[in-house]
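S.K.: Just so you know, we're using numbering that gives the first Met the number 0 here: the sequence shown kicks off at 0 and counts up by one.
We treat Cβ as the ideally placed atom computed from N, Cα and C, and that holds for glycine.
Every value quoted in this text rests on a predicted model; they were computed, and no experiment measured them.
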Amino acid sequence: MAKDRPDRVKEGDFREWYFPVEEIVGWTKQFLQDVGYEILPETYIGFAKPDFHAKRVEGDKTYEIVGIGCQHFDVALEGLTKLAAIRSVRGDKIDYTIVVPPVNEFLMLEFFRTEKGWKYFEIKRNKFMVWFANPDEEYVWCLVGEPLDKTCKEYFALGKQSLDGVLAMQLSKELWEEEEY
């Protein structure tokens, strides 16, 4: 657990959690298996190779998810670009997510709010998700978006709470106020 690994949390101007991408991806795969997903081989889909690809069958429905692990929000745009490349091949019938370790709230909000929230709005337009994964505390939290597979939602930390409502309201308000002047 986190107590056994004090090097995981770095204090400074902003608190930062450090997990190697492989560990974030490994924990996410375990999470998906707990939900009932089968982990599929990692192969290229078009020009991009996801860090994980999983599938779950429930009755006559099949759910799939592909994801990219990112060390920090600084490289999340690269991960989102890979997801967009995969989505151009697979379409909107499967789920797409980037997975990052927990970050300071200020840095997270800065990522979504910069340049009038274009990253947030593009994530939403493409129906992507953003997940926090913490292997030490064994949770995955869906911050933005939601999976097509509603069963998956039951397993997320904080259940149905995402930042979508707050971010959409704040960013829309800012855009609205800007247009008024």
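Compare the beta carbon distance of Arg88 and Ile44 with 7 Å and say whether it is the shorter of the two.
M.R.: Note that residue 88 corresponds to Val in the displayed sequence, not to Arg. Yes, the Cβ-Cβ distance between Val88 and Ile44 is below 7 Å.
S.K.: For the segment 114 to 143, which segments carrying the beta strand (DSSP E) assignment without a break, of at least 3 residues, lie completely within its bounds, in sequence order?
M.R.: 127 to 133, 138 to 143
S.K.: Taking three-plus beta-carbon pairs below 8 Å as touching, is the segment 24 to 41 in contact with the segment 61 to 81?
M.R.: Inter-segment contact for the segment 24 to 41 and the segment 61 to 81 is present: three or more beta-carbon pairs are separated by less than 8 Å.
S.K.: Run through DSSP, which three-state label would Thr27 get?
M.R.: helix
S.K.: Pro49: which of Val20, Asp33, Val34, Asp135 sits nearest, CA to CA?
M.R.: Val20
S.K.: Please state whether the Cβ-Cβ distance between Tyr154 and Val34 is less than 7 Å.
M.R.: yes
S.K.: Relative to the alpha-carbon of Phe46, which residue among Ala83, Asp94, Pro100, Glu37 has its alpha-carbon at the smallest distance?
M.R.: Ala83
S.K.: Can you check which of these residues, Gly78, Tyr119, Phe131, is closest to Asn103 by C-alpha distance?
M.R.: Phe131
S.K.: Using 8 Å for Cβ pairs, my map puts Val98 next to Phe72. What's the rounded Cβ distance?
M.R.: Not quite, the Cβ-Cβ distance comes to about 12 Å (not below 8 Å), so this is no contact.
S.K.: Measure the beta-carbon distance from Pro101 to Asn133 and round it to whole angstroms, keeping in mind my assumption that it falls under 8 Å.
M.R.: 5 Å
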